[in-house]
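Report on the structure given below.
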Amino acid sequence: MPVNNTPDGPVWRQRTQAQSLLHWAGWLLGTAVFVVCWQQISDATTWFFVWDAPRIAGDIWTRATPPRWEYIAQLGRPIWDTINIATLGTLLALFLAVPVAFLAARNTTPSALFVRPVALLVIVSTRSINSLIWALLLIAIIGPGVFAGIMAIAIRSIGFCAKLLYEAIEEIDQRQVEAITATGASRWQVMAYGIVPQIMPAFAGIAVFRWDINIRESTVLGLVGAGGIGLQLSSSLNTLAWPQVSLILLVILVAVVISEWVSAKIRGAII
Amino acid sequence: MSTELETLIGRPWRRPPLIRRVWLRWLLGIGGAVYLVAAIASIEVDWARVWIGLDRGAQFVLAFTNPDFMSRWSDIWAGMLESIVMTVAASVVGIAISIPIGLGAASNLAPVPVYLICRGIIALSRALQEIIVAILLVAIFGFGPLAGFLTLSFATIGFLSKLLAEDIESMDRSQAEAVRATGAGWWQWINYGVQPQVMPRLIGLSMYRIDINFRESAILGLVGAGGIGATLNTAFDRYEYDTAAAILILIIVIVMALEYLSGIVRARVQ
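From first to last, the protein sequence lines are chains Y and E.
The numbering of the first sequence is our numbering, which starts it at 14 and goes up by one.
The numbering of the second sequence is our numbering, which starts it at 1448 and goes up by one.
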């Protein structure tokens, strides 16, 4: 136990001398890194604009209120597209994520040496790139539109769903699998009766959770041209139609809140 | 023998249905099918355009085997550095702000007015997408990493405070009460009764959030809020797939490194 020897006897302390020095050095380094980073940001900023910001914000606020309520008539189709992008994208992603998850889970992969790393690479690479970047890429390849949005959402979600799913598969109760195997079931039957029922609740939870996230993400995909309400947002921003922008932001906010409520309800019902 | 068992004997076992109520099962099934048909029918796909584009897709995939780091290296380097700088600064500030808000949003610590205010801040931050916040902040503060830094800090607050508050709400009350029983003041109570219980999870979540912040910082450049996104967008617009592939590879490598690091840190603190 680290103690300080004082004339009145030893006093307890949390760390030894070396530990506290190391701790202090760590904090110093961290602070220095932060200060350097802040310096970089500060250098790249036009501070005049920042001091002017309250006036600009007030200006935008007066331009944006009240929202142009009539415009909502034109938002029906984009909202439908947005919901479709999220839903179909999630379905496609789940369809693709299930095999990837089974290949990536240690207890179901056919080959831990060759197949598993490939599946993990698919998971990491699809997960680390944002759906907006996937959308940019897919628009260059297959052209702008809802289809590119669906594909972008689907690809981005594969990694997310597969990662959570393979972790669920690795945590299953092995005895149930053994019991099914003992009846002489084939590989596929073991999967259908031993593994799938155990991961079904996790699967449903992941699906709804990801759907909720995808609703959020699909609202902004239109900014790069991949369909949905973001398209309207982008054109309103480009024409400085602030009353339309504020209405679109309100609609997005409502959509996000509703989707979160729905997903919380469904997850509550499942678990 | 009961008659129920009698009727079951001799019949093959059937898997119980996922949804027990028959009418609900049919309703959900038919509703889902109708929605799917309507949704798929409303998508217009220009297959000819897709067919032409597949060529470009193949080029892009090939570019991954031959990424070009060199010809735009100075742009890539500047963008990456800016992304990292934004991530570090925003994570530090975001985490520092989200701790008091997380404390305020825990219903077992905070008085009701404070609780409501903090929950309101969290709800606002979670409901607004990063990229939308970035658009507004770019309009207000001008182009550059400051808008990105503020966006990421704001998003960090919503994420971290909510999870921290939930962790505090589910903590072990008896430990906190034991500290309180020694006559500790409010700060001592937080410091010795609450903080040790939530610290491992807070560190884990913070590492995870740094990871997310870096990923998000890669797209903020699309709307002018600094970072690698602007370079990436330009590369796509100019069909320089080899440069785009290089940037994407760098992003993936950094995210993987961060995940590995956070795995080590989380394993150590838990």
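We treat Cβ as the ideally placed atom computed from N, Cα and C, and that holds for glycine.
Keep in mind that this is a model prediction, so the values were computed, not measured.
A straight-line Cα-Cα distance of about 18 angstroms links residue 1636 of chain E and residue 1647 of chain E. If the five residues before and after residue 229 of chain Y are omitted, its C-beta is found closer than 7 angstroms to the C-beta atoms of 269, all from its own chain and listed in chain order.
Residue 138 of chain Y and residue 1693 of chain E have their alpha carbons spaced roughly 13 angstroms apart. Contact check between the stretch 1536-1550 of chain E and the stretch 1588-1608 of chain E: three or more CB pairs, one atom from each, fall below 8 angstroms, which counts as touching.
The three-state secondary structure of residue 23 of chain Y, taken from DSSP, is strand. Taking a Cβ-Cβ threshold of 8 angstroms, the residues of chain E close to residue 51 of chain Y are 1536, in chain order. A distance of 9 angstroms or more separates the beta carbons of residue 91 of chain Y and residue 250 of chain Y.
Less than 9 angstroms separates the beta-carbon of residue 223 of chain Y from that of residue 106 of chain Y. Per DSSP, the beta-bridge partners of residue 16 of chain Y are Y:25. The three-state secondary structure of residue 1460 of chain E, taken from DSSP, is coil.
With fewer than three CB-CB distances shorter than 8 angstroms, the stretch 19-36 of chain Y does not count as touching the stretch 1548-1568 of chain E.
Residues of the stretch 1484-1496 of chain E whose Cβ lies closer than 8 angstroms to any Cβ of chain Y, in chain order: 1486, 1487, 1489, 1490, 1491, 1492, 1493 and 1496. Going by beta carbons, residue 261 of chain Y and residue 242 of chain Y fall inside the 9 angstroms limit. Going by DSSP, residue 57 of chain Y is part of no alpha helix (DSSP H) at all; its letter is neither H nor E. In terms of Cβ geometry, residue 1691 of chain E and residue 1507 of chain E form a close pair [threshold 9 angstroms]. Here DSSP, grouped into helix, strand and coil, assigns residue 1614 of chain E to helix. The DSSP-derived three-state label of residue 1509 of chain E is helix. Counted as a single uninterrupted DSSP element, the alpha helix (DSSP H) harbouring residue 189 of chain Y occupies residues 187-195. Counting along the chain, residue 239 of chain Y sits inside no alpha helix (DSSP H), nor does DSSP assign it H or E at all.
By the Cβ criterion, the stretch 53-69 of chain Y is in contact with the stretch 1580-1594 of chain E, since at least three pairs of Cβ atoms, one from each stretch, lie closer than 8 angstroms. In this structure residue 77 of chain Y touches residue 258 of chain Y by the C-beta definition: roughly 6 angstroms separates them, less than 8 angstroms.
One alpha carbon belongs to residue 187 of chain Y, the other to residue 194 of chain Y, and they sit about 11 angstroms apart. Contacts with chain Y (Cβ-Cβ distance below 8 angstroms) from the stretch 1680-1711 of chain E involve 1680, 1683, 1686, 1691, 1695, 1698, 1699, 1702, 1703 and 1706, listed in chain order. Here the alpha carbons of residue 234 of chain Y and residue 1505 of chain E stand approximately 23 angstroms from one another. Against chain E, the CB of residue 94 of chain Y has a partner CB under 9 angstroms away; the residue lies at that interface. DSSP places residue 1680 of chain E inside the alpha helix (DSSP H), whose first and last residues are 1676-1684. Against residue 1669 of chain E, the close residues of chain Y are 145, 146, 149, 236 and 237, in the order they occur along the chain (beta-carbon pairs closer than 9 angstroms). Remark: C-beta atoms of residue 1612 of chain E and residue 1550 of chain E approach each other more closely than 9 angstroms.
Of the candidates E:1459, E:1516 and E:1532, E:1532 places its Cα closest to the Cα of residue 1673 of chain E. When Cβ pairs closer than 8 angstroms are counted between the two stretches, the stretch 1702-1710 of chain E is seen to touch the stretch 128-142 of chain Y, the count reaching three or more. Excluding sequence positions up to five before and after residue 131 of chain Y, its CB lies within less than 8 angstroms of the CB of 116, all in the same chain and listed in chain order.
The beta carbon of residue 1575 of chain E falls within 9 angstroms of a beta carbon belonging to chain Y, placing the residue at that interface. The beta carbon of residue 216 of chain Y does not come within 9 angstroms of any beta carbon belonging to chain E, so the residue lies off that interface. Secondary structure of residue 151 of chain Y (DSSP, three-state): helix.
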